[in-house]
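J.:
In the working numbering, the protein residues as written are 1 to 249.
#1: Between the C-alpha atoms of residue 31 and residue 24, what's the straight-line distance to the nearest angstrom?
#2: Excluding five sequence neighbours on each side, which residues of the same chain lie with their C-beta closer than 6 angstroms to the C-beta of residue 234?
#3: Starting from residue 77, trace the alpha helix (DSSP H) both ways and give me its first and last residue.
#4: Determine the extent of the alpha helix (DSSP H) in which residue 152 is found, giving its start and end residues.
#5: Would you grab the beta carbon distance between residue 187 and residue 208 for me? Rounded to a whole angstrom, and I think it's under 8 angstroms.
#6: Would DSSP call residue 59 helix, strand or coil?
#7: I'd like to check one pair, residue 89 with residue 107: are the Cβ atoms closer than 8 angstroms?
#8: Going along the chain, which residues of its own chain have a beta-carbon closer than 6 angstroms to the beta-carbon of residue 243, five neighbours each way excluded?
#9: Should residue 245 go down as buried or exposed, given a rule of 16 or more other Cβ atoms within 10 Å for buried?
#10: Please report how far the alpha carbon of residue 80 lies from the alpha carbon of residue 190, in whole angstroms.
#11: Does DSSP classify residue 136 as helix, strand or coil?
#12: Here's the rule: buried if 16 or more other CB atoms are within 10 angstroms of the residue's CB, otherwise exposed. What is residue 123?
#13: Indicate whether residue 225 and residue 167 have their beta-carbon atoms separated by less than 8 angstroms.
#14: Between residue 199 and residue 57, which are expected to be in contact by the criterion C-beta below 8 angstroms, what is the C-beta distance as a whole number of angstroms?
#15: Compare the beta carbon distance of residue 119 and residue 109 with 8 angstroms and say whether it is the shorter of the two.
#16: Rounded to whole angstroms, how far is the Cβ of residue 69 from the Cβ of residue 82, which I believe are closer than 8 angstroms?
#17: My output table needs one value for residue 206: the three-state DSSP class, helix, strand or coil.
#18: Starting from the Cα of residue 180, find the closest Cα among 129, 66, 216, 201 and give me that residue.
#19: Which residues in the same chain as residue 125 place their Cβ atom closer than 6 angstroms to its Cβ, once the five residues preceding and following it in sequence are excluded?
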């Protein structure tokens, strides 16, 4: 099998376009993670690990609504209105006090948080709906974790199949290539497995961060090295075409 530099120009253009877009997609995913998980919790004096813990373990000492108002929804409502809602929630969210906070939800929340919006967010358009999110936050349900897990297992595995296949054509030392095509799949298992573990014990939140970092580092290598080899001389080439034992047979 020929090396990347020897591929026809059409294939090099195809692989280059794919790798660049995958890299941009990953950067967008990191940006989303920062805006949704990291930044809102930083504003409340919480670090990345604490944000991960809250996302998957919940806050048994806090309601889902309070966690959202202090986290990812903190910038959607002003301080005075937020304090009024939190004060009502901490009193047990009694129906007798609903009328005092109903206008806040109507003006700030209901546009998105209603059954007709088509968004996968809880409705906040009635007292009955609010009661469900003012209860203690236990994190995502088993059903929700199963749904998200299978989507990520399928999707990320396919991405690494494609980037790994291109990377496998590089001239990096064969054993390094083997390590770099296997590690992403181990990281996926560790990452998604730690979601489930963090659900029951927040101490596993650090594994989510570590496995995600390893996954990102390997993806960067699987993108950068083939791009370099397709268009520039590779100073790390370990062999010559046709003499690669990893490609034999």
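By construction, the Cβ of each residue, glycine as well, lies at the ideal position given by its N, Cα and C atoms.
T.: For this structure:
#1: 11 angstroms
#2: 171
#3: Taken as a continuous stretch (DSSP letters only), residue 77 belongs to no alpha helix (DSSP H), as it is neither H nor E.
#4: 142–167
#5: That belief does not hold up - the Cβ atoms of residue 187 and residue 208 are roughly 11 angstroms apart, past 8 angstroms.
#6: strand
#7: no
#8: Unreliable positioning characterises residue 243 in this predicted model, as indicated by a pLDDT of 46, which lies under 50. A coordinate reading is not provided.
#9: Residue placement at residue 245 is flagged as unreliable, the pLDDT there being 46, under the threshold of 50; the coordinate-derived value follows with that caveat. The residue in question, residue 245, is exposed, as its Cβ has fewer than 16 Cβ neighbours within 10 Å.
#10: 42 angstroms
#11: strand
#12: buried
#13: yes
#14: 6 angstroms
#15: no
#16: 5 angstroms
#17: helix
#18: 216
#19: 110, 114
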